[in-house]
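The working numbering applies: residue 289 is where the sequence shown begins, and numbers increase by one.
A virtual CB, placed ideally from N, CA and C, is assigned to each residue, including glycine.
Bear in mind the structure is a predicted one, so any value in this text is a computation, not a measurement.
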Amino acid sequence: MFIRRVCPLHSRKGDDVKTYGMWLHGKEQPIASRKTFVSLNPTNEKPLAEFVAGTKKDVDVAVMSAKKAQSSWSQLPAPRRGDILFEVAHLLKQNKERLGKLVSTEMGKVLKEGLGDVQEAIDVFEYMAGEGRRLFGHTTPSELPHKTAYTLRVPLGVVGMITPWNFPIAIPAWKIAPALICGNSLVLKPSSDTPLCAYELVK
Numbered sequence: 289m290f291i292r293r294v295c296p297l298h299s300r301k302g303d304d305v306k307t308y309g310m311w312l313h314g315k316e317q318p319i320a321s322r323k324t325f326v327s328l329n330p331t332n333e334k335p336l337a338e339f340v341a342g343t344k345k346d347v348d349v350a351v352m353s354a355k356k357a358q359s360s361w362s363q364l365p366a367p368r369r370g371d372i373l374f375e376v377a378h379l380l381k382q383n384k385e386r387l388g389k390l391v392s393t394e395m396g397k398v399l400k401e402g403l404g405d406v407q408e409a410i411d412v413f414e415y416m417a418g419e420g421r422r423l424f425g426h427t428t429p430s431e432l433p434h435k436t437a438y439t440l441r442v443p444l445g446v447v448g449m450i451t452p453w454n455f456p457i458a459i460p461a462w463k464i465a466p467a468l469i470c471g472n473s474l475v476l477k478p479s480s481d482t483p484l485c486a487y488e489l490v491k
């Protein structure tokens with residue numbers, strides 16, 4: 289799920305473009321805010337999409353949603369969380385061409401680098417998926433007889449993420465995949481320059 293701020297640069301809405309809400313509970317949700325901003329193609333300044341700008345109240349709703357998801361997600365065994373991240377990597381591979389073109393259009397990279405941006409997301413989801421089998425704790429010798437000393441990895445909880453515009457799919461993936469494999473839920477606030485890339489990644 290993500291929240292967006294209003295950016296004056298994006299205040300104009302030219303052609304008829306789709307308006308996006310926030311992504312919550314696994315689907316797009318309408319929100320009460322009437323403020324919107326437009327994501328532009330930097331090469332020609334044509335509008336790509338319009339986004340509803342989240343308010344403080346919407347942030348609170350997002351955090352509560354993430355807290356609700358935290359309980360069940362953190363209790364899912366790490367190898368199963370890894371299976372889900374492998375599925376994400378597979379979906380990214382299937383959509384690499386489309387997402388790479390989107391990066392090029394919304395962020396302004398040449399297509400080769402846009403595709404590379406998506407490949408980095410694929411790589412990090414695959415790598416972190418494997419960590420589902422390697423979330424080891426430690427056992428250490430105790431100075432006391434008949435005692436065992438050990439550590440366990442436990443999720444931290446809801447993670448807040450703010451990501452920049454220059455790697456609009458790769459950097460969110462760098463943050464999302466490690467948080468998820470370790471059993472954390474999250475709220476993502478991507479750059480207001482590249483909201484559509486983030487939206488498609490989350491979807």
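Query, Result
"Collapsed DSSP secondary structure at residue 434 in the structure displayed", "coil"
"Ordered list of alpha helix (DSSP H) runs contained in the stretch 300 to 384, each at least 4 residues", "344 to 363 and 366 to 382"
"Buried versus exposed, by CB contacts within 10 Å (16 or more), residue 409", "buried"
"Beta-bridge pairing of residue 448 - partner residues as DSSP gives them", "475"
"Anticipated Cβ contact below 8 angstroms, residue 479 with residue 451, distance rounded", "6 angstroms"
"DSSP-derived helix/strand/coil call for residue 482", "coil"
"Beta-carbon contacts of residue 370 that lie in its chain and below 6 angstroms, excluding the five residues immediately before and after", "417 and 420"
"Residue 320 burial status per 10 Å Cβ neighbour count (16 or more: buried)", "exposed"
"Top-ranked residue by Cα proximity to residue 378, from 323, 406, 426 and 307", "406"
"Cutoff 7 angstroms; reference residue 462; Cβ partners in own chain excluding five residues on either side", "412"
"Test item: CB-CB of residue 485 and residue 457 under 9 angstroms", "yes"
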